[in-house]
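Asker: 0 is the number of the first residue of the first sequence in numbering that gives the first Met the number 0; add one for each residue after it.
First, the structure itself, so that you have it in front of you.
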Amino acid sequence: MSEQSVIGKGTWIDKLAHELLEREKTLGRSTEMLRVESGLGASGVPHIGSLGDAVRAYGVKLALENFGYKSELIAYSDDLDGLRKIPEGFSDSLKEHLGKRVSAIPDPFDCHDSYGMHMSSLLLDGLDKLGIKYEFRRAKDTYEKGLLKDQIHTILQNSKKIGEKISEITGQEKFQQTLPYFPVCKNCDKLYTTEAYEYVADEKKIKYRCKDSTIGSQVIDGCGHEGESDITKDLGKLAWKVEFAARWQAFDIRFEAYGKDIMDSVKVNDWVSDEILKFPHPHHVKYEMFLDKGGKKISKSLGNVVTSQEWLKYASPKSILLLLYKRITGARELGFEDIPSLMDEYNELENIFFGKIKIDNPAKASKLKGLYEYVNLLNPPKNPSIHINYRLLVELANIFHEDRIKHVMKKLIEYHTIINPDPSIEEKIEMAGNYADAFRGKPLEKVLEDGITIDKTTKNALKELAEVLAAEDEPDDLQNTIYQIAKKNNVPPKDFFKILYQIILATTRGPKIGPFIADIGRKKVAQALSRSIME
RNA sequence: GGGUCUGUGGCGCAGCCAGGUAGCGCACCGGACUUUUAAUCCGGUUGUCGUGGGUCCGAAUCCCACCAGACCCGCCA
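Laid out in structure tokens, this is it:
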């Protein structure tokens, strides 16, 4: 096996692209343009996992281009989907829109043409910030322009066969009775309430009735309207079980990743694509959902949503790309606490790429270098950046709140971590600072509320120290002074320092305390000490 | 009922998808330090890589079976 040659850049992305190419060759299809697709949910607030689908598809596009083929990423917003439930934190006024397509619901934030477009925009914004390029398509336009009408016709003509197949593959019986198509009700404008029961192929018309339907625990009222819908003119959409297939053929899609939650739908769609539409289905890769740290599914209602917008407050776009490109298999428990290691891992990869760290196994070395290239979207920088351990930055940022950038920069120079101040470091300090503020220490003022037990002798020592600190004259050797105060009051120095850290930093240890107190301001610490004694 | 993933020192995890000395962080111990501190540096302890088989010169890694946990599907998109 050791003689096996490296495919592309040596990552799973290359392997996937290679498989795709082999398959296309076997199928004998034109490889002039190899289009990849990613679906964008438009019903809820997109989290990092939703980005993953598009980011990884883009990776495959890059790999295909690297192999010398043309490729493009279609980002398709499912904005004809109906609203099934009101997302956590949204106004109940959305209730009247349940069952309506999200592209026909007003944007609660008033900044986009619809609720659906607002949600999709959040995702596209995330992609833009990562530098992902895509062709944006919307379900709304796709159906309005009739781009799927031939596929819809073929699917509806074969609905009986498809219904049986769905039952066989998924156990879902529903489509043996109803057609896999939801017309928008001409009376009440909803689509999940319509039951399509007959297709008149000659006229390309669907007969439907609008009735109450249950989605999850929600009951959505139908209006009782019975009508006909012309699939070439009137609005409606295919059920998911068959819609991908229609789109794949209409857009000539050769690759699409999918999450394991829609595995069954993909199986059905593959079959529909191959057997009904006679379009060999695209190559796939399945990925696991991102879960939170307790192994729970990420959902808004649990308050564990990790959005790209929030992530980017604390970390670089590259940290997201690294997260998504380093691996696709395996269950992933994700939280903001992963940020420090991802930030540092990027630096390590950069060191490997630029040969500062040697990896013995050549296959592994090329894989890691390849990963670095993908994280840089196959356009790696010419020179390495300045590396500072992210955790160190967080520690420092946690200590300094006022004039943070200045103070932290000064400390970094003192520690010989860096030689000169640099704008790129300022940016990192800012991100680490945001992280520290969100997940770390409490500001000095709040620490005292946590109640530290201080005995009487220690109080005396603290009082003395507070007086020294409050004095106008700066002590020559503050470190030594503190030590002497502890000894004089019969407080073991070790304990005394511990207490000081608790009061100042809310931890049991910290930086060398003398210079540190000077850094954050003697007077300020004096005040904090005085307050701690008063309790 | 169907499917997927996970199982590696005390804890949290990487390594597995292209087999070749079992690693990292935290924790713990000791040292640099006659004076405390660790954001520094050095050294150290901790492992039948879930269980059982198989392939191989060689398996944490590949294959099969099993055990345990989690998640997804069986509404809908």
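Backbone N, C-alpha and C fix where the C-beta goes; we use that ideal spot for every residue, glycine too.
Please go through the segment 11-76 and give each complete alpha helix (DSSP H) segment of 4 or more residues, from N-terminal end onward.
Answerer: If we require 4 residues or more, the alpha helix (DSSP H) runs fully inside the segment 11-76 come out as 11-26, 47-65.
Asker: If alanine 237 sits next to alanine 245, beta carbons under 8 Å apart, how far is it from one beta carbon to the other, in whole angstroms?
Answerer: According to the sequence shown, residue 237 is leucine rather than alanine. Right, the Cβ-Cβ distance comes to about 6 Å (below 8 Å), so this counts as a contact.
Asker: Candidates Lys94, Leu320, Leu39, Thr328: which alpha carbon is nearest lysine 285's?
Answerer: Checked all of Lys94, Leu320, Leu39, Thr328; the closest Cα to lysine 285 is Thr328.
Asker: Could you pull the DSSP bridge partners for phenylalanine 181 from this structure?
Answerer: Lys236, per the DSSP bridge assignment.
Asker: From tyrosine 68 to aspartate 263, what does the alpha carbon distance come to, in whole angstroms?
Answerer: If you take the alpha carbons of tyrosine 68 and aspartate 263, they lie about 31 Å apart.
Asker: At which residues does the alpha helix (DSSP H) containing isoleucine 412 begin and terminate?
Answerer: Taken as a continuous stretch (DSSP letters only), the alpha helix (DSSP H) holding isoleucine 412 covers 403-413.
Asker: Any chance the segment 362-377 sits against the segment 387-401, with 3 or more Cβ pairs inside 8 Å?
Answerer: No contact exists between the segment 362-377 and the segment 387-401.
Asker: From threonine 10 to arginine 326, what distance separates their C-alpha atoms?
Answerer: Approximately 9 Å between the Cα atoms of the pair.
Asker: Distance check for lysine 409 and arginine 253, CA to CA, integer angstroms please.
Answerer: Those two C-alpha atoms are separated by around 53 Å.
Asker: For threonine 213, which residues of its own chain have a beta-carbon under 8 Å away from its beta-carbon, when the five flanking residues on both sides are left out?
Answerer: Taken in chain order, the residues that qualify are Ile219.
Asker: Our contact map puts isoleucine 73 next to phenylalanine 250 with C-beta atoms below 8 Å; I'd like the distance itself, whole angstroms only.
Answerer: About 6 Å separates the two Cβ atoms, so the contact holds.
Asker: When the Cα atoms are used, what is the spatial distance from serine 307 to glutamine 483?
Answerer: Distance between the alpha carbons of serine 307 and glutamine 483: 51 Å.
Asker: What is the DSSP secondary structure of threonine 213, counted as helix, strand or coil?
Answerer: The answer is strand: DSSP assigns threonine 213 an E or B state.
Asker: In the DSSP assignment, the alpha helix (DSSP H) including aspartate 127 goes from what residue to what residue?
Answerer: Residues 114-129.
Asker: Could you spell out where the alpha helix (DSSP H) holding histidine 282 opens and where it closes?
Answerer: Element bounds for histidine 282: not the alpha helix (DSSP H) but the beta strand (DSSP E), 282-286.
Asker: Using a Cβ distance threshold of 8 Å, determine whether the segment 265-277 contacts the segment 158-166, with at least three qualifying pairs required.
Answerer: A contact exists between the segment 265-277 and the segment 158-166.
Asker: Which residues in the same chain as threonine 141 place their Cβ atom closer than 7 Å to its Cβ, once the five residues preceding and following it in sequence are excluded?
Answerer: Excluding sequence neighbours, threonine 141 sits near Leu147.
Asker: Starting from valine 467 and walking both ways along the alpha helix (DSSP H), at which residues does that stretch end?
Answerer: Its alpha helix (DSSP H) spans residues 455-469.
Asker: With burial defined as no fewer than 16 other Cβ atoms inside 10 Å of the residue's Cβ, what is the status of glutamate 426: buried or exposed?
Answerer: Exposed, since its Cβ has fewer than 16 Cβ neighbours within 10 Å.
Asker: Could you give the DSSP three-state label for glycine 329: helix, strand or coil?
Answerer: If DSSP states are grouped into helix, strand and coil, glycine 329 belongs with coil.
Asker: Quick one: what's tyrosine 198 bridged to in DSSP?
Answerer: Beta-bridge pairing links tyrosine 198 to Ile205.
Asker: Could you check which residue in Leu19, Glu36, Gly40, Ser37 has the C-alpha nearest to that of threonine 30?
Answerer: Residue Leu19 is the option with its Cα nearest to threonine 30.
Asker: Could you give the DSSP three-state label for leucine 391: helix, strand or coil?
Answerer: Reduced to three states, the DSSP call for leucine 391 is helix.
Asker: Starting from aspartate 229, follow the beta strand (DSSP E) in both directions and report where the run begins and ends.
Answerer: Its beta strand (DSSP E) spans residues 225-229.
Asker: Name the DSSP beta bridge partners of isoleucine 252, please?
Answerer: Its beta-bridge partners are Arg34.
Asker: With DSSP collapsed to three states, give me the class of phenylalanine 335.
Answerer: Phenylalanine 335 falls in the helix class under three-state DSSP.
Asker: On a Cα-Cα basis, can you pick out the residue from Ser49, His17, Thr25 that is closest to proline 279?
Answerer: The candidate whose alpha carbon is nearest that of proline 279 is Thr25.
Asker: Straight-line CA distance for glutamate 2 to isoleucine 385?
Answerer: Model confidence at glutamate 2 stands at a pLDDT of 35, short of 50, so the residue's coordinates are unreliable and nothing is read from them.
Asker: Could you say which of Cys184, Glu336, Leu276 lies nearest to valine 305 if we only look at CA atoms?
Answerer: Minimum Cα distance to valine 305 is reached at Glu336.
Asker: Just reading off the alpha helix (DSSP H) that phenylalanine 174 is part of, what are its end residues?
Answerer: Its alpha helix (DSSP H) spans residues 173-176.
Asker: According to DSSP, is glutamate 87 part of a helix, a strand, or is it coil?
Answerer: Note: glutamate 87 maps to coil in three-state DSSP.
Asker: Return the chain-ordered list of same chain residues with a C-beta closer than 6 Å to the C-beta of leucine 61, the five sequence neighbours on each side being excluded.
Answerer: Closer than 6 Å at Cβ, skipping near neighbours: Leu377.
Asker: DSSP three-state call for leucine 290: helix, strand or coil?
Answerer: Of the three classes helix, strand and coil, the one that applies to leucine 290 here is strand, per DSSP.
Asker: Taking 8 Å as the cut-off, decide whether the C-beta atoms of proline 107 and phenylalanine 89 are in contact.
Answerer: In this structure, phenylalanine 89 lies closer than 8 Å to proline 107 by Cβ.
Asker: Starting from glutamate 95 and walking both ways along the beta strand (DSSP E), at which residues does that stretch end?
Answerer: Careful: glutamate 95 lies outside any beta strand (DSSP E) and carries neither H nor E.
Asker: Please look up how many angstroms separate the CB atoms of serine 102 and leucine 79, rounded, as I've assumed it's under 8 Å.
Answerer: Confirmed, about 6 Å.
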